[in-house]
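For reference, the structure discussed in these notes is given below.
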Amino acid sequence: MQAKVYVVDDDQGMRDSTVWLLQSVGLQALPFASGQAFLDACVDDGPACVLLDVRMPGLGGLAVQQAMRERGLALPVIFVSGHADVPIVVRAFKAGACDFIEKPYNDQLLLDSVQAALEHAGRARQDNQALAQVQARVDALTPRERDVFVPLAQGLSNREIAERLGVSVKTVDLYRGRVMKRLQADSLAELVGMAIACGAVQALGLRAL
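Per our numbering, the sequence shown starts with residue 1, numbered consecutively.
Put into structure tokens, the structure is as follows:
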């Protein structure tokens, strides 16, 4: 899927020149003259980032960033501004901005920042997809398999799990193998990582493997 860059700037000249620059390197650039127009059209359906002007009529860049967060739009944001004072820059980064570029900007600097943001977005999407796959496998465990999975991930031995569940060690060993296979975990360490990632156990307080 072709990467998209949302260009949100009320300055038409700056908007047009930025779109041209991005298109010249093969990126899909989508221009918007206001923050509200961007929010109305934006969908998180592939690798993308946002070039967002700080000062605009109506919704300013920081307000747009806040609205994105409230709507669950987890796109990397690069702020651009001709009037970048320290408090604004600090607020932008505290709210999760990837970068802050002052106008007039160097073309290569902007392209490098966009590329870094798109790579970040791609990694985040892959991580989310991988987590969704792990969660689906965990959700598919039977109640008894889950009874073994959670204490196993917490560091309990087969004997301790057997005593807790009132079954034989051999039965726990059987279920342990089934859990490892169903979760596609090649090692106990990988299984623990899956359990932590999907929230089945907390990282703090785990026994050392």
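Even glycine gets a Cβ: it sits at the ideal position worked out from N, Cα and C.
None of these values were measured; they are calculated from a predicted model.
query: Starting from the Cα of residue 156, find the closest Cα among 63, 67, 172 and give me that residue.; result: 172
query: Rounded to the nearest angstrom, how far is the Cβ of residue 49 from that of residue 118, given a contact under 8 Å?; result: 6 Å
query: In this structure, what does DSSP give as the bridge partners for residue 52?; result: 8, 79
query: Pull up the distance between the alpha-carbon of residue 165 and that of residue 132, whole angstroms please.; result: 29 Å
query: I need the boundaries of the alpha helix (DSSP H) containing residue 30, first residue and last residue.; result: Careful: residue 30 lies outside any alpha helix (DSSP H), inside the beta strand (DSSP E) at 28–32.
query: Taking only three categories from DSSP, how would you classify residue 99?; result: strand
query: Could you round the C-beta distance between residue 81 and residue 123 to whole angstroms and report it? I think they count as a contact, below 8 Å.; result: That belief does not hold up - the Cβ atoms of residue 81 and residue 123 are roughly 27 Å apart, past 8 Å.
query: Distance check for residue 33 and residue 116, CA to CA, integer angstroms please.; result: 24 Å
query: Let me check understanding here. Comparing Cα to Cα, which of 17, 95, 57, 27 lies closest to residue 74?; result: 95
query: DSSP state of residue 47, grouped into three classes?; result: coil
query: What's the gap between the Cα of residue 15 and the Cα of residue 42?; result: 17 Å
query: Can you tell which of 175, 22, 29 has its C-alpha closest to the C-alpha of residue 6?; result: 29
query: Quick one: what does DSSP say residue 179 is sitting in, helix, strand or coil?; result: helix
query: Taking only the alpha-carbon atoms, compute the straight-line gap between residue 13 and residue 69 and give it to the nearest angstrom.; result: 28 Å
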